[in-house]
Amino acid sequence: MQNEPKSFHLVPMQEDHGPDVCTWSYPTPYDLYHWNSWEQMIARGEEFADPRIRKAQYRAVLDEAGELCGFAQFFPMVGVTRLGLGLRPDLCGQGSGEAFVRAIVREAKRSAPDNEIDLEVLTWNRRAIRTYERAGFVIMDTYERPTPEGTGEFHCMVWTDTMNKGGQDNGE
2 MQNEPKSFHL VPMQEDHGPD VCTWSYPTPY DLYHWNSWEQ MIARGEEFAD PRIRKAQYRA
62 VLDEAGELCG FAQFFPMVGV TRLGLGLRPD LCGQGSGEAF VRAIVREAKR SAPDNEIDLE
122 VLTWNRRAIR TYERAGFVIM DTYERPTPEG TGEFHCMVWT DTMNKGGQDN GE
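Written out as C-alpha cells, the structure is:
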C-alpha cells in the first residue's frame, strides 16, 4: 500500500549523513546501489566521505520533518547538470519518488538555471525509469558502459521542463 507522497527539500549534505546512507540496504536486484561501509569510504576518501566532494556535489534530501530521506549528487559537467540520486530503501515503492525527483530537479535548476539536466539509469530498472518519466525526463540515448559489476546497459534521460507546463509544479 502506498503512503501519501512526502514533501522534500535539499540541504548541504553533512558528514553525519554519510554513515546513515552507508547503512541503507536495498533488496535484490537493487542491492548494487549499496555503498561501502562508512569506515571504508573515509579510509579511501570516496564520494561523500571526502569533505570537498561532499560540499561541491552532494545534497541531503529531507522531508518536512527534517528526516533524511535520500541524497542527490550534482556531477560537474560543462553545460549539463548530471544527477545521481538515492532514495532511502524503505521509501521506495511508497509513492514519493516523483516528488523526490522533482525536488532534486528544482535544486539543479536553481543552482545552474541554464544547464540541461540529465541522469543515467540502468535499462532494467523499470521502476526508476517510470518515476523519472513522471517527473519529466525522457530517454534520449541508450549505451553500454562499465560498472563495478561489469558492463551495463544504460539510458541517458533528459529533463524536458514539463514541471512548469500546465501548472503541474511551480517549485514552491
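So the sequence shown is numbered by our numbering: it starts at 2 and just counts up by one.
For glycine and all other residues, C-beta sits at the position ideal for the given N, C-alpha and C.
Predicted model, so just to flag it, every value in this text is computed and none were measured.
Could you name the residues of the same chain whose beta carbon sits closer than 8 Å to that of V12, not counting the 5 residues immediately before and after it, in chain order? Here residue 12 refers to the residue found at position 11 of the sequence shown. Counting only Cβ-Cβ distances below 8 Å, and skipping sequence neighbours, we find R60, A61 and L63.
Which term fits G94, buried or exposed, when burial requires 16 or more other beta carbons within 10 angstroms of its beta carbon? Residue mapping note: residue 94 aligns to position 93 of the sequence shown, counting from 1. By the 10 Å Cβ count, G94 comes out exposed.
The beta strand (DSSP E) with C157 in it runs from where to where? In the sequence shown, the residue the question calls residue 157 occupies position 156. Note, C157: beta strand (DSSP E), G151 to W160.
Within this structure, are the beta carbons of V22 and F75 separated by less than 7 Å? Indexing the sequence shown from 1 puts residue 22 at position 21. Indexing the sequence shown from 1 puts residue 75 at position 74. Against a cut-off of 7 Å, the Cβ pair of F75 and V22 comes out as no contact.
Taking C-beta to C-beta, are Y144 and P90 nearer than 7 Å? Residue numbering aside, residue 144 sits at position 143 when the sequence shown is read from its first letter. Residue numbering aside, residue 90 sits at position 89 when the sequence shown is read from its first letter. Cβ atoms of Y144 and P90: not closer than 7 Å.
Start and end of the alpha helix (DSSP H) containing M78? For the purposes of this step, residue 78 is taken as the residue at position 77 of the sequence shown. Not the alpha helix (DSSP H): M78 falls in the beta strand (DSSP E), residues L69 to M78.
Residue-level contact to chain D via CB, L92, 7 Å cutoff: Among the chains in the structure shown there is no chain D, since it carries only a single protein chain.
Along the beta strand (DSSP E) that carries R60, what are the first and last residues, could you check? Walking along the sequence shown from the start, residue 60 turns up at place 59. From DSSP, the beta strand (DSSP E) with R60 extends over Y59 to D64.
So, is L33 buried or exposed, given that buried needs 16 or more other C-beta atoms within 10 angstroms? As a position in the sequence shown, residue 33 is number 32, starting the count at 1. Per the 10 Å Cβ criterion, exposed.
Minimum C-alpha distance to D142 - residue among T152, A113, D119 and G151: Taking the first residue of the sequence shown as 1, we reach residue 142 at position 141. The option with the nearest alpha carbon to D142 is D119.
Would you list the one or two residues that DSSP bridges to D142? What you label residue 142 is simply residue 141 of the sequence shown in a count that begins at 1. Paired residue(s): C157.
Can you tell me where the alpha helix (DSSP H) with G98 in it begins and where it stops? In the sequence shown, residue 98 corresponds to position 97, counting from 1. Start and end: G98 to S112.
Determine the direct distance from the alpha carbon of W39 to that of E16, and round the result to whole angstroms. Start at 1 with the first residue of the sequence shown, and residue 16 comes out as number 15. Start at 1 with the first residue of the sequence shown, and residue 39 comes out as number 38. Approximately 10 Å, taken between the alpha carbons.
Give a yes or no on whether the C-beta atoms belonging to E99 and A66 are separated by under 7 Å. If you number the sequence shown from 1, residue 99 lands on position 98. If you number the sequence shown from 1, residue 66 lands on position 65. For E99 and A66, no; Cβs fall outside 7 Å.
Since F49 sits in a beta bridge, which residues does DSSP pair it with? As a first step, residue 49 is located in the sequence shown; it is residue number 48 there, counting from the start. Answer is none; F49 lacks a bridge partner.
Own chain partners of S8 with C-beta closer than 6 Å, once the 5 adjacent residues on each side are dropped: Within the sequence shown, numbered from 1, the residue matching residue 8 stands at position 7. Within the same chain, S8 has close Cβ partners E65.
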